[in-house]
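A.B. asks:
Chains as they are written, first to last, in full-length UniProt numbering: chain A, 1 to 561; chain Y, 1 to 345.
The structure is reproduced here in structure tokens:
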């Protein structure tokens with residue numbers, strides 16, 4: 001904060017310090033907005049990296065007996081695609097968005113721990129670069145983003161499972177996720193304290209914007225889920241380097257220990273990747289429907305319910321490992337239960353549209369696209385909870401269809417809704433609407449052309465994580481179609497990058513409140529001053545800025561909160 | 001103006017639906033490893049659940065996407081539209097749409113758990129065959145402890161019989177999957193997993209490892225070959241014999257002994273005394289009846305003399321990273337070895 005105020009004094013006659021130069025301002029900043037932007041730019045860079053990896057995968061699989069990648073490279077690429085997209089794109093993207101938006105939404109001047117915040121960002125950057133640098137050493141992780149032991153201990157080329165593999169590929173992975181975990185814990189703690197302690201006067205928990213709610217739930221999920229991953233990777237490193245045998249059956253260890261530890265992180269993780277998206281959609285839909293969110297309490301608490309239930313469903317990733325039938329019945333039940341709060345959210349979003357005045361600006365298109373696509377990811381997710389059917393389709397392309405409808409049709413659509421929605425706040429300029437619409441339609445088509453056929457390929461018996469397939473299995477046409485779809489998505493991303501660069505330079509000025517929005521972040525300049533608000537606003541309802549603009553029909557006058 | 005727009009949307013909406021249905025039909029009719037083309041009771045139960053959930057999901061899909069598209073059209077912003085009424089919620093509606101999906105999901109859950117107990121319980125009566133499927137990196141070995149025989153890549157079973165499969169691995173986790181016959185069960189080191197399936201009609205069914213198990217996970221396939229019980233009995237008695245020893249192929253046999261093949265491969269009557277029905281300690285497949293098999297090299301190739309010659313010429317070119325080194329054989333040596341191995345019916 002202090003550094004930035006010095007910068008604004010024009011007549012200071014002395015040599016600029018490094019922290020006052022343009023570069024220095026970014027490198028030394030503890031301003032939540034600058035850190036948020038750095039998070040998002042970094043995450044988008046890794047999105048492009050992960051996207052290029054996806055294109056390599058689809059190119060290899062376009063035709064049977066593909067020769068574009070050798071098997072080792074393919075295995076590295078699919079491992080890094082998953083790891084990058086989850087740990088280096090979606091997670092830091094939501095952390096960045098939250099960083100930028102949450103303090104503004106709750107009427108705070110910064111996050112509770114600005115230096116810890118900066119620390120978290122730099123760890124993500126260097127952790128990410130550390131992971132990707134493995135390609136330079138021809139030692140990219142090759143054991144899958146799920147890193148199942150004992151494969152990750154024997155090395156993928158091993159004859160029999162001998163611990164202490166000579167290759168360092170999976171060391172990059174284990175150390176990388178440990179580093180990124182430190183950053184996530186720092187970020188999550190910061191969000192929890194910020195949200196609990198720094199809300200503007202009158203902003204009770206039950207008046208917080210839903211994006212803040214979902215960030216809060218996500219932060220608790222991170223705090224409770226990550227230790228499990230830390231323990232798992234720690235034991236993996238001990239096995240690999242210090243001769244312990246936690247995951248080695250031959251030495252009375254147990255390979256399933258890894259899976260239990262990993263998935264008891266991994267399933268909350270799935271909701272860490274999607275709850276902030278729920279939050280974004282719950283902000284965007286009301287503004288572009290000109291109505292408040294329908295059933296605020298139910299939308300908020302269904303998110304909390306999902307958070308709790310997400311810790312009880314992990315073994316649905318393990319229906320094929322031979323768990324006792326009664327345990328499987330338990331996990332099938334908990335997985336079915338978690339669909340209920342999710343359905344409640346979808347119905348509330350639909351009810352928000354009902355009777356509204358819908359304006360189809362790009363953020364709204366992406367939010368509607370999210371609802372349409374996420375529904376498919378929800379339905380095929382319920383199908384995967386049907387244990388005997390899961391025996392058939394787990395580890396097949398059906399699962400890839402499911403997770404991409406959730407994470408691409410879901411999280412990525414929500415991320416673009418958020419970018420188009422908050423870009424004017426961050427830069428003072430609007431992204432181009434026409435280009436945004438072109439990008440949206442390309443993405444909607446691309447996602448369905450790429451991922452829908454994967455359902456069918458799974459039903460046709462195509463397993464995951466294969467670098468090649470024989471031409472006589474009936475999988476050729478659909479694979480080619482998916483590759484075409486992947487390049488349509490790539491075209492959509494190129495349109496976005498073009499839009500981003502041109503709008504940044506010569507975009508239409510946005511003003512402080514281009515969408516006639518409801519929440520506090522729009523009740524200040526775009527971009528906001530380092531201190532966010534000249535005076536801290538006083539909040540009397542869930543839509544403080546709406547109240548300010550519509551004093552006659554303010555929520556606190558007509559609605560009970 | 002509004003009506004043609006509406007019709008246009010519907011037409012566009014029907015296109016993916018038509019695509020979906022036609023591809024499902026394709027999936028159900030193809031002779032390929034499709035789970036919708038079941039050839040035994042286990043896969044049949046699993047496929048029935050699919051059609052059930054497809055019905056439920058399609059209903060929900062049509063209703064919800066329909067409501068979404070209807071709202072988009074009905075409530076789109078038009079000139080002169082008044083500010084909407086600011087509705088904050090309705091508790092009755094919330095209860096309705098919490099209870100409604102709960103009922104749906106409860107029904108789904110009941111079918112799930114019922115079928116799960118059905119397919120997970122290994123039947124005790126009737127014809128039984130016990131087999132141990134051993135997952136290697138990257139090929140399948142099949143041991144028949146009662147019959148005392150060993151095969152690789154081909155799992156031969158009689159029709160109408162409960163095939164009780166025990167799953168064993170001493171390396172990494174694999175997963176046993178034959179889409180037409182049964183879903184997956186993982187082969188986990190240190191865990192005595194087992195499963196069952198039964199085949200209704202004779203035929204060859206594609207199986208494949210379904211858990212990522214390393215470099216050549218993609219090339220870890222096998223065939224389940226279902227024979228009528230009498231043919232199966234004939235096959236078993238053939239497999240129980242020691243290897244054929246036809247003097248015509250003596251040169252191939254000599255090469256097998258001298259070129260180092262015996263370090264990894266066993267042939268009963270050559271370097272093995274009998275079929276060791278315990279998971280074998282030799283790294284490579286038992287070749288005693290190699291010539292009778294459909295597939296070689298973990299299902300990478302069909303078993304033909306040309307393919308075997310290709311394999312022997314440079315195994316690493318066919319399946320990079322597998323354990324078989326290039327033995328540097330000359331063309332005539334390859335010809336002799338191929339002739340010998342293919343004679344081992």
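Ideal Cβ placement from N, Cα and C applies to all residues, glycine included.
#1: Would you please verify whether the beta carbon of residue 293 of chain Y is less than 8 Å from any beta carbon of chain A?
#2: Helix or strand or just coil, what does DSSP make of residue 88 of chain Y?
#3: Counting only Cβ-Cβ distances shorter than 7 Å, please list the residues of the region 69-89 of chain Y near chain A, keeping chain order.
#4: Where does residue 133 of chain Y sit, in a helix, a strand or coil, going by DSSP?
#5: May I have the straight-line CA-CA distance separating residue 145 of chain A from residue 35 of chain A, to the nearest angstrom?
#6: Select from the region 104-133 of chain Y all residues with a C-beta closer than 7 Å to any C-beta belonging to chain A, and list them in chain order.
#7: Can you name the residues of chain Y whose CB is closer than 7 Å to the CB of residue 465 of chain A?
#8: Mind checking if residue 479 of chain A is an interface residue toward chain Y, Cβ cutoff 8 Å exclusive?
#9: Could you give the uninterrupted runs of the alpha helix (DSSP H) lying entirely in the region 190-276 of chain Y, keeping only those of 4 residues or more?
#10: Please state whether DSSP places residue 396 of chain A in a helix, a strand or coil.
#11: Express the C-alpha separation of residue 189 of chain Y and residue 279 of chain A in angstroms, rounding to a whole number.
#12: Mind pulling the chain A residues with CB within less than 7 Å of residue 184 of chain Y?
#13: Just mark residue 77 of chain Y as buried or exposed, buried being the case when its beta carbon has 16 or more other beta carbons within 10 Å.
#14: Do residue 142 of chain A and residue 76 of chain A have their CB atoms nearer than 8 Å?
#15: Using 8 Å as the Cβ pair cut-off and three pairs as the minimum, do the region 178-185 of chain A and the region 117-124 of chain A touch?
#16: Anyone know if the C-beta pair for residue 397 of chain A and residue 458 of chain A falls short of 8 Å?
#17: Contact between the region 394-411 of chain A and the region 425-434 of chain A: three or more CB pairs below 8 Å?
#18: May I have the straight-line CA-CA distance separating residue 328 of chain Y from residue 137 of chain A, to the nearest angstrom?
#19: Note the first and the last residue of the continuous alpha helix (DSSP H) segment covering residue 344 of chain A.
#20: Using the beta-carbon of each residue, which ones in chain A are nearer than 9 Å to residue 139 of chain Y?
#21: Show which residues of chain Y have a CB atom less than 9 Å away from the CB atom of residue 296 of chain A.
#22: Less than 8 Å between CB atoms is the rule here; does residue 171 of chain Y satisfy it with respect to chain A?
#23: So what does DSSP say about residue 80 of chain Y, is it helix, strand or coil?
#24: Report the residue from A:443, A:342, A:263 and A:512 whose alpha carbon sits nearest the alpha carbon of residue 319 of chain A.
#25: How do the region 199-207 of chain Y and the region 223-241 of chain Y stand: do at least 3 beta-carbon pairs fall below 8 Å, yes or no?
#26: Quick check on DSSP: helix, strand or coil for residue 463 of chain A?
#27: Residues in the same chain with beta-carbon distance under 7 Å from residue 78 of chain A, minus the five sequence neighbours each way, listed in chain order, please.
#28: Mind reading off the beta-carbon distance from residue 184 of chain Y to residue 395 of chain A? Whole number of angstroms is fine, and I expect it under 8 Å.
#29: Residue 461 of chain A and residue 33 of chain Y look like a contact to me (Cβ under 8 Å); what is the Cβ gap, rounded to whole Å?
#30: Just tell me which of Y:273, Y:67, Y:126 and Y:111 has its CA closest to the CA of residue 158 of chain Y.
#31: Rounded to whole angstroms, what is the Cα-Cα separation between residue 386 of chain A and residue 112 of chain Y?
#32: Please compile the residues from chain Y whose C-beta is within a distance smaller than 7 Å of the C-beta of residue 290 of chain A.
#33: For residue 391 of chain A, which residues from the same chain have a beta carbon less than 7 Å from its beta carbon, with the 5 sequence-adjacent residues on both sides left out?
#34: Identify which residue in A:343, A:504, A:215 and A:51 has its Cα closest to the Cα of residue 84 of chain A.
#35: Would you mind stating whether residue 86 of chain Y and residue 291 of chain A have Cβ atoms separated by less than 8 Å?
#36: Short of 7 Å in beta carbon distance, which residues of its chain neighbour residue 151 of chain A, apart from the five on each side in sequence? Order them along the chain.
C.D. replies: According to the structure shown:
#1: no
#2: It is coil, neither helix nor strand.
#3: 71, 72, 75, 76, 77, 81, 83, 84, 85, 86, 87, 88 and 89
#4: strand
#5: 27 Å
#6: 105, 108, 109, 112, 113, 115, 116, 117, 119 and 120
#7: 212 and 217
#8: no
#9: Runs found: 229-240 and 250-258.
#10: strand
#11: 43 Å
#12: 320, 391, 394 and 395
#13: exposed
#14: yes
#15: yes
#16: yes
#17: no
#18: Straight-line Cα distance between these residues: approximately 32 Å.
#19: Taken as a continuous stretch (DSSP letters only), the alpha helix (DSSP H) holding residue 344 of chain A covers 325-353.
#20: In chain order: nothing, as chain A lies at least about 12 Å away.
#21: 88 and 89
#22: yes
#23: coil
#24: A:263
#25: Three or more Cβ pairs drawn from the region 199-207 of chain Y and the region 223-241 of chain Y lie within less than 8 Å of each other, which places the two stretches in contact.
#26: strand
#27: 57 and 465
#28: 6 Å
#29: 3 Å
#30: Y:126
#31: 5 Å
#32: 83 and 84
#33: 319 and 320
#34: A:51
#35: yes
#36: 143
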